[in-house]
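Number of protein chains: 2
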Amino acid sequence: MKPTNKTRYAILGILSDGPTTGYEIKSLMGRSTSYFWRESDSTIYPTLKILAKEGKVLSETLYVGKKKKEMFSITKAGQSEFKAWFNSPTGSETPRNEFLLKLFFVTNQEEMSRLFQERLEKAEKTYQEYKSIEDRLEKLDDYPRKAIRLLSLRYGISQLTLEITWLKEGILKYAHR
Amino acid sequence: MKPTNKTRYAILGILSDGPTTGYEIKSLMGRSTSYFWRESDSTIYPTLKILAKEGKVLSETLYVGKKKKEMFSITKAGQSEFKAWFNSPTGSETPRNEFLLKLFFVTNQEEMSRLFQERLEKAEKTYQEYKSIEDRLEKLDDYPRKAIRLLSLRYGISQLTLEITWLKEGILKYAHR
DNA sequence: GTCTTCATGTAAGCCGTTACATGATTAA
DNA sequence: TTAATCATGTAACGGCTTACATGAAGAC
Chain A
1 MKPTNKTRYA ILGILSDGPT TGYEIKSLMG RSTSYFWRES DSTIYPTLKI LAKEGKVLSE
61 TLYVGKKKKE MFSITKAGQS EFKAWFNSPT GSETPRNEFL LKLFFVTNQE EMSRLFQERL
121 EKAEKTYQEY KSIEDRLEKL DDYPRKAIRL LSLRYGISQL TLEITWLKEG ILKYAHR
Chain B
1001 MKPTNKTRYA ILGILSDGPT TGYEIKSLMG RSTSYFWRES DSTIYPTLKI LAKEGKVLSE
1061 TLYVGKKKKE MFSITKAGQS EFKAWFNSPT GSETPRNEFL LKLFFVTNQE EMSRLFQERL
1121 EKAEKTYQEY KSIEDRLEKL DDYPRKAIRL LSLRYGISQL TLEITWLKEG ILKYAHR
């Protein structure tokens, strides 16, 4: 069975920028990748352990007072696994859009109105979040990948804009009573 | 642990339109929901069995020659489970976009060029597929939910159009050599 | 006669989420 | 002193994919 676990690549990619701790990887993801790539809380540490066992990362335990910190750094083997993934064809996720599934089963205007309204509220909230991330990013000093990270964020923003427009049109056209 | 399995709702929703067989559900999904909701091959039959055991569907075995057919129909209990899901708040999937994850780790123009080019080819292929589904749908006689199903398909098409534009711009702006 | 489609399933095993657990440090 | 954040994990379980399996009917 072909392993499909991509958490490891996200971790190896972050470690490519330099050594860090599991906690730091977790919070970095929360700050920066969360709108296109999210890991649940407990996946980072076990995955780091596995990678260490495989020789893809090295760990070093530090103590700050009584507080344990485990710094991880990527090895040559880790780098080549990362590159192999990076250069391999990108698979597409199996589509699972619960909103569109519900839409598919809509039978009357009232249902559709509720569905669109609910979705619109969420989309507008997310839009505001993305916008504030954009603000934060724009204010940062230049760093090597700033341009590309802004680009991908703005891609997300324009997708959301499109969805919001579509939802509003739908509400007007089909759910007007 | 809260069950998250939504395959059952897709099945119950399809059965709301009238009795069918597992095979028919499978192929209907392949024809109509596959761009926003896909099930893998082997999930339909076991799920139908479970639903039957729970009293959410009824099964009736027919024979056409030696060929067995199991027709399933939705029960009252099934209908109310479906409605409960339909009226419950729509959860959002955890985001997992492998393309954007790779983009996040890009370090030079050559890598980005390859990444965008690959994605563009796939997006254009998918666009063609959607367009031909749209053609087929447009030619069908009117049926109750035709308008709404065309609407959601066109939403997918406009999302793809946006992505294609974005990819082309990216190739010109950032990956030009 | 052979290939495709119809028609229905089982089993293994990875994957991912949720809930649970622990303890130190720092800010209010 | 209490809450939030830093910091690191384990266990259980449901879910999902892949591979495997079987056989009839119809098309070419």
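Protein chains in written order, with this note's numbering: chain A, 1 to 177; chain B, 1001 to 1177.
Note that the Cβ used here is the ideal one computed from N, Cα and C, for glycine as well.
Check your understanding: For B/T1075, which residues of its own chain have a beta-carbon under 7 angstroms away from its beta-carbon, when the five flanking residues on both sides are left out?
Key -> By one-based count along the second sequence, residue 1075 of chain B stands at place 75. Within the same chain, B/T1075 has close Cβ partners G1055, K1056, V1057 and L1058.
**Study point:** CA-to-CA distance, A/S92 to B/K1173, given in whole angstroms
**Key:** Taking the first residue of the second sequence as position 1, residue 1173 of chain B is located at position 173. Taking the first residue of the first sequence as position 1, residue 92 of chain A is located at position 92. Computed Cα separation, rounded: 25 angstroms.
Practice item. Output yes or no for whether 7 angstroms exceeds the beta carbon distance between A/L167 and A/F116. Key: Counting from one through the first sequence, the residue named residue 167 of chain A turns up at place 167. Counting from one through the first sequence, the residue named residue 116 of chain A turns up at place 116. In this structure, the beta-carbon distance from A/L167 to A/F116 falls below 7 angstroms.
Review point. Nearest CA to the CA of B/E1129: which residue from B/M1112, B/R1145 and B/T1161?
Key: Along the second sequence, one-based indexing puts residue 1129 of chain B at 129. Looking at the Cα atoms, B/T1161 is the closest of the given residues.
Exercise for review: Could you confirm whether any beta carbon from chain B is found closer than 7 angstroms to the beta carbon of A/N97?
Suggested key: Counted from its first residue, the first sequence places residue 97 of chain A at position 97. A/N97 counts as touching chain B.
**Study point:** Per-residue burial, B/A1010 [other beta carbons within 10 Å of its own, 16 or more giving buried]
**Key:** Counting from 1 along the second sequence, the entry for residue 1010 of chain B is found at position 10. Flag for B/A1010 reads buried.
Check your understanding: Tell me which same chain residues have a C-beta within less than 6 angstroms of the C-beta of A/T61, skipping the five on either side of it?
Key -> Translated into positions along the first sequence, residue 61 of chain A becomes position 61. Cβ within range, chain order: E70.
Check your understanding: Does any C-beta atom of chain B lie closer than 7 angstroms to the C-beta of A/Y143?
Key -> Position 143 of the first sequence, counted from the start, is the residue given in the question as residue 143 of chain A. With 7 angstroms as the cut-off, A/Y143 does not count as an interface residue toward chain B.
Review point. To the nearest angstrom, how far is it from the Cα of B/E1124 to the Cα of B/R1031?
Key: Here residue 1124 of chain B refers to the residue found at position 124 when the second sequence is read from its first residue. Here residue 1031 of chain B refers to the residue found at position 31 when the second sequence is read from its first residue. Their backbone Cα atoms lie some 20 angstroms apart in a straight line.
Review point. Which first and last residues belong to the alpha helix (DSSP H) in which B/Y1035 is found?
Key: Your numbering for residue 1035 of chain B matches position 35 in the second sequence. First-last for B/Y1035: undefined, no H or E at that position.
Check your understanding: Mind checking if A/G13 is an interface residue toward chain B, Cβ cutoff 7 angstroms exclusive?
Key -> As a working note, residue 13 of chain A is residue 13 in the first sequence. Using a CB distance cut-off of 7 angstroms, A/G13 counts as an interface residue toward chain B.
Point to revise | Any chain B beta carbon closer than 7 angstroms to A/V64 | key: Residue mapping note: residue 64 of chain A aligns to position 64 of the first sequence, counting from 1. It does not: the Cβ of A/V64 has no partner Cβ on chain B nearer than 7 angstroms.
**Study point:** Cα-Cα separation between A/L15 and B/L1150, rounded to whole angstroms
**Key:** Indexing the first sequence from 1 puts residue 15 of chain A at position 15. Indexing the second sequence from 1 puts residue 1150 of chain B at position 150. So the two alpha carbons sit approximately 45 angstroms from each other.
Practice item. Kindly list the residues whose CB is nearer than 8 angstroms to the CB of B/E1118, restricted to its own chain and excluding five residues on each side of it in sequence; keep chain order. Key: Along the second sequence, read from residue 1 onward, the residue named residue 1118 of chain B stands at position 118. So no residue of the chain qualifies.
Review point. Grouping DSSP H, G and I as helix and E and B as strand, with all else coil, what is B/Y1063?
Key: Counted from its first residue, the second sequence places residue 1063 of chain B at position 63. Residue state, collapsed to three classes: strand.
Point to revise | Cutoff 7 angstroms: A/Y202 Cβ touching any chain B Cβ | key: There is no way to answer for residue 202 of chain A, as the model of chain A reaches only from 1 to 177.
Practice item. Tell me whether B/S1152 is buried or exposed, calling it buried when 16 or more other Cβ atoms sit within 10 Å of its Cβ. Key: Numbered from its first residue, the second sequence carries residue 1152 of chain B at position 152. Flag for B/S1152 reads buried.
Review point. Mind pulling the chain A residues with CB within less than 9 angstroms of B/R1119?
Key: As a position in the second sequence, residue 1119 of chain B is number 119, starting the count at 1. What B/R1119 touches in chain A: T90.
Review point. So with Cβ pairs under 7 angstroms, would you call B/L1101 a contact of chain A?
Key: Taking the second sequence and counting its residues from 1, one reaches residue 1101 of chain B at position 101. With 7 angstroms as the cut-off, B/L1101 counts as an interface residue toward chain A.
Check your understanding: What are the start and end residues of the alpha helix (DSSP H) that includes A/T165?
Key -> Looking up residue 165 of chain A in the first sequence gives position 165. It spans K146 to Y174 - the alpha helix (DSSP H) in which A/T165 sits, taken as one unbroken run.
Practice item. Please list the partners that A/R149 has in chain B, where partner means a Cβ-to-Cβ separation under 8 angstroms. Key: The residue given as residue 149 of chain A occupies position 149 in the first sequence. Result: F1104.
Practice item. Can you have a look at A/Y155 and say buried or exposed, based on whether 16 or more other CB atoms are within 10 angstroms of its CB? Key: Mapped onto the first sequence, residue 155 of chain A falls at position 155. Result: buried.
Practice item. List the whole-angstrom C-beta distance separating A/T183 from A/E39, where the pair is believed to meet the contact cut-off of C-beta under 8 angstroms. Key: Residue 183 of chain A lies beyond the residue range present for chain A, which begins at 1 and ends at 177; the question has no answer from this structure.
Practice item. Could you check if A/K102 is buried or exposed, using at least 16 other CB atoms within 10 Å of its CB as the buried criterion? Key: If you number the first sequence from 1, residue 102 of chain A lands on position 102. Result: buried.
Point to revise | CB of A/F82 within 7 angstroms of CB of B/P1095, strictly | key: Residue 82 of chain A sits at position 82 when you count from the first residue of the first sequence. Residue 1095 of chain B sits at position 95 when you count from the first residue of the second sequence. No, these two residues do not count as a Cβ contact at 7 angstroms.
Review point. First and last residue of the alpha helix (DSSP H) that includes A/D135?
Key: Numbered from its first residue, the first sequence carries residue 135 of chain A at position 135. Counting along the chain, the alpha helix (DSSP H) containing A/D135 begins and ends at Q109 to K139.
Check your understanding: To the nearest angstrom, how far is it from the Cα of A/I50 to the Cα of B/E1134?
Key -> Translated into the one-based positions of the first sequence, residue 50 of chain A becomes position 50. Translated into the one-based positions of the second sequence, residue 1134 of chain B becomes position 134. Cα-Cα distance, rounded: 47 angstroms.
Review point. Shortest alpha-carbon distance to B/A1147 belongs to which of A/V106, A/D141 and A/Y45?
Key: On the second sequence, position 147 is the one that residue 1147 of chain B refers to. Measuring from the Cα of B/A1147, the nearest candidate turns out to be A/V106.
Review point. Closest Cβ-Cβ distance between A/S132 and chain B: below 7 angstroms?
Key: As a position in the first sequence, residue 132 of chain A is number 132, starting the count at 1. Chain B contact via Cβ: absent.
Exercise for review: Compute the beta-carbon to beta-carbon distance between A/L120 and A/I164, rounded to the nearest angstrom, for a pair I have assumed lies under 8 angstroms.
Suggested key: As a first step, residue 120 of chain A must be located in the first sequence, where it is residue number 120. As a first step, residue 164 of chain A must be located in the first sequence, where it is residue number 164. Going by Cβ atoms, the distance from A/L120 to A/I164 rounds to 7 angstroms, so yes, they are a contact pair.
Check your understanding: Applying a beta-carbon distance threshold of less than 7 angstroms, which residues of chain B neighbour A/E24?
Key -> Along the first sequence, one-based indexing puts residue 24 of chain A at 24. Residues of chain B passing the Cβ test: none, with the nearest at roughly 16 angstroms.
Check your understanding: Does B/E1110 come within less than 7 angstroms of chain A when only Cβ atoms are used?
Key -> By 1-based counting over the second sequence, the position of residue 1110 of chain B is 110. Answer no: the Cβ-Cβ gap between B/E1110 and chain A never drops below 7 angstroms.
Check your understanding: Using a Cβ-Cβ cut-off of 8 angstroms (strictly less than) and excluding sequence neighbours within five positions of B/L1137, which residues of its own chain qualify?
Key -> Numbered from 1 along the second sequence, position 137 holds the residue referred to as residue 1137 of chain B. Same-chain partners within the cutoff: K1146, R1149, L1150 and L1153.
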